[in-house]
Amino acid sequence: MSAIKEKSLKYNLHSWSAQGAIDPTVITKAEGIYFWDEDGKKYYDMSAQLVNSNLGHGNKAIVNAIKEQADKIPFIGPGFSLDVRSDAAEAIVEASGLKGAKVFFTNAGAESNENAIKMAKQYTGRWKIFSMYRCYHGSSAGAGMLTGEPRHFANEPGPAGFVKYDGPYAYRAPKACKFENEDDVADFYLELLTNQVKYEGPESIAAIFMESVVGSNGILIPPAKYVKGVRELCTKYGILLVCDEVMAGWYRTGTCFAFQQFEIEPDLITFAKGCTCGYVPLGGVIACEKIAKYFDDHKMMCGLTYSAHPIGCAAAVATLNEYKNLNIADNVAKQGKVLGQLLEDLKEKHACVGEVRYIGLFSAFELVKDKQTREPIVAFNEDPQGLMNKIIGMLKKEGFYTYSHENMIIVAPPLIITEEELREAMGILDRVMDSVDNMIK
Numbered sequence: 019m020s021a022i023k024e025k026s027l028k029y030n031l032h033s034w035s036a037q038g039a040i041d042p043t044v045i046t047k048a049e050g051i052y053f054w055d056e057d058g059k060k061y062y063d064m065s066a067q068l069v070n071s072n073l074g075h076g077n078k079a080i081v082n083a084i085k086e087q088a089d090k091i092p093f094i095g096p097g098f099s100l101d102v103r104s105d106a107a108e109a110i111v112e113a114s115g116l117k118g119a120k121v122f123f124t125n126a127g128a129e130s131n132e133n134a135i136k137m138a139k140q141y142t143g144r145w146k147i148f149s150m151y152r153c154y155h156g157s158s159a160g161a162g163m164l165t166g167e168p169r170h171f172a173n174e175p176g177p178a179g180f181v182k183y184d185g186p187y188a189y190r191a192p193k194a195c196k197f198e199n200e201d202d203v204a205d206f207y208l209e210l211l212t213n214q215v216k217y218e219g220p221e222s223i224a225a226i227f228m229e230s231v232v233g234s235n236g237i238l239i240p241p242a243k244y245v246k247g248v249r250e251l252c253t254k255y256g257i258l259l260v261c262d263e264v265m266a267g268w269y270r271t272g273t274c275f276a277f278q279q280f281e282i283e284p285d286l287i288t289f290a291k292g293c294t295c296g297y298v299p300l301g302g303v304i305a306c307e308k309i310a311k312y313f314d315d316h317k318m319m320c321g322l323t324y325s326a327h328p329i330g331c332a333a334a335v336a337t338l339n340e341y342k343n344l345n346i347a348d349n350v351a352k353q354g355k356v357l358g359q360l361l362e363d364l365k366e367k368h369a370c371v372g373e374v375r376y377i378g379l380f381s382a383f384e385l386v387k388d389k390q391t392r393e394p395i396v397a398f399n400e401d402p403q404g405l406m407n408k409i410i411g412m413l414k415k416e417g418f419y420t421y422s423h424e425n426m427i428i429v430a431p432p433l434i435i436t437e438e439e440l441r442e443a444m445g446i447l448d449r450v451m452d453s454v455d456n457m458i459k
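The numbering used here numbers the first residue of the sequence shown as 19 and each following residue consecutively.
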């Protein structure tokens, strides 16, 4: 065992893990879409780390912006105006397309959602917050209660008022459901949500949260009719629509924000990850004009020591410029088509691949024991044999780095990936799925 790993195991607590069962890889270099371990092994970063390294590793423009800001003013309290704070907020508002909007900066996605909860409650005077099953909004106290999958269990019992609803997931819908098309899917799930809103009392509901495209829980892409229907439902009852763009934002789906795919405008937008590509922590909440104006005359009860951190804002300005300079939207459109076809080929070839879902360079596929019954390769919240970890380990051994959730494998590479790199990496995935096919025989 190397000295670095030994020290890590001695002093670090690692996320989402039984500490005695982990074996962290020591990384010594990262560049572009690749990183290398201490033995010199190269990995394709096919999840862009935690779907945040959108521009890959070692982007010089971002690094130089960080260096320059560190030399100039590395920190000043959030109550002061600063050029990079103004520039970052302006660029983010312009990217959202929401005229008259303003930004409250945070440090990460969970904090963004925490503060969106508070803003929604303050603005509406209501106390209930709806969020979707099979979503992830963070693991802190409030964001963890928004989260609609097993990672929120440790937060319970939490504060009153958090209500879960079922969002569109046709592949795992009740067996009695017979959907002919996406409109049927939208109508079914909208009826469920509408009924729930009525029974919970619309006058008590402050906000409905939704990941514009569900991320780590399987890249669940809602029908456009559903998203528009939720927007109409919120408008009808004076409920705020909060779109969580922490993972789906910053060109991951092809547009700057995923909600732009559905031609709606949220009331609040939460973001993080790709706004700095993880080079330094930064997140935030974009508040639409009516909410921003409300806080002209009402004290906004949100505050953080590192809100609008100068180095984070400098990194954000550089990152947003790089998205344009590198024509990232065009590359996502081009490589997204390639990725989609490769995933469809994977589904056609392999008995273990059930459904594939993709939008831009944001994708996942489900591993099943049987395509006809759709029985997942591991049961929900159960994997006693560690089968998914084994499969992820097989991929990693071959140089394909990503992560899984339940029976799903995420494929979300850096947005700078080339067709050649994409085909090479997916070739590794294809070969490993040959072995998984043999596991289910």
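Cβ coordinates follow ideal geometry from the N, Cα and C atoms, glycine included.
Can you name the residues that DSSP bridges to residue i?
{"i": "R375", "result": "A382"}
{"i": "E393", "result": "D388"}
{"i": "D63", "result": "Y419"}
{"i": "S149", "result": "K182"}
Using the Cα positions of residue i and residue j, report the straight-line distance between them to the nearest angstrom.
{"i": "L258", "j": "E132", "result": "15 Å"}
{"i": "E373", "j": "Y421", "result": "17 Å"}
{"i": "L100", "j": "V181", "result": "39 Å"}
{"i": "S71", "j": "I329", "result": "17 Å"}
{"i": "N456", "j": "N213", "result": "45 Å"}
{"i": "E439", "j": "L73", "result": "14 Å"}
{"i": "E112", "j": "H327", "result": "20 Å"}
{"i": "A204", "j": "Y151", "result": "16 Å"}
{"i": "N3", "j": "M64", "result": "Any question about residue 3 goes unanswered here, given that the chain covers just 19 to 459."}
{"i": "N125", "j": "V44", "result": "26 Å"}
{"i": "Q37", "j": "G162", "result": "21 Å"}
{"i": "C195", "j": "E442", "result": "39 Å"}
{"i": "G233", "j": "V69", "result": "9 Å"}
{"i": "A21", "j": "F123", "result": "38 Å"}
{"i": "K415", "j": "I287", "result": "38 Å"}
{"i": "E229", "j": "R103", "result": "26 Å"}
{"i": "D89", "j": "A79", "result": "15 Å"}
{"i": "D315", "j": "A138", "result": "16 Å"}
{"i": "P432", "j": "G219", "result": "43 Å"}
{"i": "L425", "j": "K47", "result": "What sits at residue 425 in the sequence shown is Asn, not Leu. Each residue's Cα considered, the two are about 31 Å apart."}
{"i": "P96", "j": "L211", "result": "39 Å"}
{"i": "I395", "j": "F206", "result": "27 Å"}
{"i": "Y297", "j": "Y255", "result": "40 Å"}
{"i": "K120", "j": "I304", "result": "6 Å"}
Do you know whose CA, among the options, lies nearest residue i's CA?
{"i": "L379", "options": "E56, A66, A21, W54", "result": "A66"}
{"i": "A332", "options": "V69, S149, I110, M19", "result": "I110"}
{"i": "S114", "options": "F123, G219, E263, A204", "result": "E263"}
{"i": "F242", "options": "E442, G185, Y419", "result": "Looking at the sequence itself, residue 242 is Ala, so the reference to Phe does not match. Nearest C-alpha to A242: G185."}
{"i": "E221", "options": "A119, D401, W145, G97", "result": "W145"}
{"i": "T337", "options": "I237, E167, G267", "result": "G267"}
{"i": "Y62", "options": "I434, V454, S453", "result": "I434"}
{"i": "N345", "options": "S381, C252, G272", "result": "G272"}
{"i": "G156", "options": "G301, I428, G417, E366", "result": "G301"}
{"i": "F98", "options": "D201, E283, S325", "result": "S325"}
{"i": "F398", "options": "R169, S158, N77, D41", "result": "R169"}
{"i": "V350", "options": "I458, S26, C274, P192", "result": "C274"}
Is residue i helix, strand or coil when you go by DSSP?
{"i": "F277", "result": "helix"}
{"i": "F313", "result": "helix"}
{"i": "V429", "result": "strand"}
{"i": "Y255", "result": "helix"}
{"i": "S130", "result": "helix"}
{"i": "S511", "result": "Nothing about residue 511 can be reported from this structure: the residues present for the chain run from 19 to 459 only."}
{"i": "D262", "result": "strand"}
{"i": "L238", "result": "strand"}
{"i": "A305", "result": "strand"}
{"i": "F398", "result": "coil"}
{"i": "Y341", "result": "helix"}
{"i": "V298", "result": "coil"}
{"i": "M19", "result": "coil"}
{"i": "A326", "result": "coil"}
{"i": "T436", "result": "coil"}
{"i": "K47", "result": "strand"}
Take the Cβ of residue i as the centre, count every other Cβ of all protein chains shown within 10 Å, and call the residue buried at 16 or more, exposed below.
{"i": "C306", "result": "buried"}
{"i": "I223", "result": "buried"}
{"i": "K352", "result": "exposed"}
{"i": "Q279", "result": "buried"}
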